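Each position in the sequence shown, counted from 1, maps to that position plus 28 in the numbering used here.
The beta carbon of each residue, even a glycine, is placed where N, CA and C say it ideally should be.
As the structure is a computational prediction, the values presented were derived from the model and not from experiment.
Accompanying notes for the structure given below.
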Amino acid sequence: MALNTKMSLNFSRLLKTPGRMPYRQINTPSDDINQIVLLGRVNYLHLNENSNNVYVSIGLTTKNSYMTSNGYSLTYAYHNVYVFGQPLVDKVKHLTKGDRLCVTGLLSSYLADDGQWKFCITANTVSPYVAESIDNVVNDEESTEQDEVDGEEMFGNYIHDKVDTDNKDSSVEPTVNKT
29 MALNTKMSLN
39 FSRLLKTPGR
49 MPYRQINTPS
59 DDINQIVLLG
69 RVNYLHLNEN
79 SNNVYVSIGL
89 TTKNSYMTSN
99 GYSLTYAYHN
109 VYVFGQPLVD
119 KVKHLTKGDR
129 LCVTGLLSSY
139 LADDGQWKFC
149 ITANTVSPYV
159 AESIDNVVND
169 EESTEQDEVD
179 GEEMFGNYIH
189 DKVDTDNKDS
199 SVEPTVNKT
């Protein structure tokens, strides 16, 4: 048993010794990482001011698309984000429903009044996404044939990959799948 323990200690030293094996040590108090990055849309925003604490609770909605046998499917996830500290609160208190927001933070939990554990994200950084200026938006009437060619070059064969080629009748043009 003593030999096995001695061998385990030697092996662990080997892993932690730089130069002998590729190993990168993260300089944190523990070896655990708790970091969340979310980019989504604001669903609700509540500013809460107590006598000694100001914070904002934000409902953030993210979506995920994935391929199924019938085409693409879309799911939504709803996240509770808490923003503490006056500088961060000032960055988000003007947001409204539908605004895009990027949040970096920690996964947290707390015991609610009803005895259930609730999970949330405690924000470390928040970055509101500013909407594109209306001057940069091109109307359909103003688009030119060159713009359409540039769009095809940018997206490559993505549009052509979606064309239904099962249609055997050469007199009928292939249709684009809506899935």
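Burial state of Leu75 (16 or more Cβ within 10 Å) | Counting from one through the sequence shown, the residue named residue 75 turns up at place 47. Under the 10 Å beta carbon count, Leu75 is surrounded by fewer than 16 other beta carbons and is classified as exposed.
Tell me, which residues are paired with Lys91 by DSSP?
-> Locating residue 91 in the sequence shown gives position 63, where the first residue counts as 1. Answer is Tyr104.
How many whole angstroms separate the CB atoms of Leu139 and Asn152, which I take to be in contact at a CB cut-off of 8 Å?
-> Taking the sequence shown and counting its residues from 1, the one referred to as residue 139 is at position 111. Taking the sequence shown and counting its residues from 1, the one referred to as residue 152 is at position 124. No, Leu139 and Asn152 are not in contact; Cβ-Cβ is about 23 Å, not under 8 Å.
Given that a residue counts as buried once 16 or more other Cβ atoms are within 10 Å of its Cβ, and exposed if not, what is Val158?
-> Counting from 1 along the sequence shown, the entry for residue 158 is found at position 130. It counts as exposed.
Measure the C-alpha to C-alpha separation of Val131 and Asn78 and round it to an integer number of angstroms.
-> Counting from 1 along the sequence shown, the entry for residue 131 is found at position 103. Counting from 1 along the sequence shown, the entry for residue 78 is found at position 50. In a straight line, the C-alpha of Val131 is about 23 Å away from that of Asn78.
Assuming Leu88 contacts Leu102 under a Cβ cut-off of 8 Å, what Cβ separation, rounded to an integer in Å, is found between them?
-> To locate residue 88, count along the sequence shown from 1; it is residue 60. To locate residue 102, count along the sequence shown from 1; it is residue 74. About 17 Å separates the two Cβ atoms, so there is no contact after all.
DSSP beta-bridge partners of Ser136 = For the purposes of this step, residue 136 is taken as residue 108 along the sequence shown, with counting starting at 1. In the DSSP output, where bridge partners are listed per residue, Ser136 has Cys148.
Closest residue to Lys125 among Leu73, Ser155 and Asp60 (Cα-Cα distance) | As a position in the sequence shown, residue 125 is number 97, starting the count at 1. For Lys125, the nearest C-alpha among the options comes from Leu73.
How is Leu123 classed by DSSP in three states: helix, strand or coil?
-> Numbered from 1 along the sequence shown, position 95 holds the residue referred to as residue 123. Note: Leu123 maps to coil in three-state DSSP.
In terms of DSSP beta bridges, what is Val61 paired with?
-> By 1-based counting over the sequence shown, the position of residue 61 is 33. Here the sequence assigns Ile to residue 61, which means Val is not the residue at that position. None, per the DSSP bridge assignment.
In chain order, what residues of the same chain have a beta carbon less than 8 Å from the beta carbon of Phe147, not counting five sequence neighbours either side?
-> Here the question's residue 147 lines up with position 119 in the sequence shown. Correct list, in chain order: Asn108, Leu135, Ser136 and Ser137.
When every heavy atom of the ligand NAP is checked, does at least one fall within less than 8 Å of the C-beta of Tyr106?
-> Ligands are entirely absent from the displayed structure, and the ligand NAP is therefore not among its contents.
Rounded to a whole number of angstroms, what is the C-alpha to C-alpha distance between Lys119 and Pro156?
-> Start at 1 with the first residue of the sequence shown, and residue 119 comes out as number 91. Start at 1 with the first residue of the sequence shown, and residue 156 comes out as number 128. About 8 Å.
According to DSSP, what are the bridge partners of Leu116?
-> As a working mapping, residue 116 is identified with position 88 in the sequence shown. DSSP lists no partner for Leu116.
Under the three-state reduction of DSSP, which class applies to Tyr110: helix, strand or coil?
-> Numbered from 1 along the sequence shown, position 82 holds the residue referred to as residue 110. In the three-state scheme derived from DSSP, where H, G and I count as helix and E and B as strand, Tyr110 is classed as strand.
Short check: CB of Val154 to CB of Leu116, under 9 Å?
-> If you number the sequence shown from 1, residue 154 lands on position 126. If you number the sequence shown from 1, residue 116 lands on position 88. Yes, the pair counts as a contact, with Cβ atoms nearer than the cut-off.
Considering only C-alpha positions, which residue in the set Tyr110, Lys121 and Gly143 is nearest to Ile149?
-> Numbered from its first residue, the sequence shown carries residue 149 at position 121. Nearest in C-alpha terms to Ile149, of all of Tyr110, Lys121 and Gly143, is Tyr110.
If we count the other Cβ atoms within 10 Å of its Cβ and call it buried at 16 or more, is Gly99 buried or exposed?
-> The sequence position of residue 99 within the sequence shown is 71, counting from 1. Answer is exposed; the Cβ neighbour count stays below 16.
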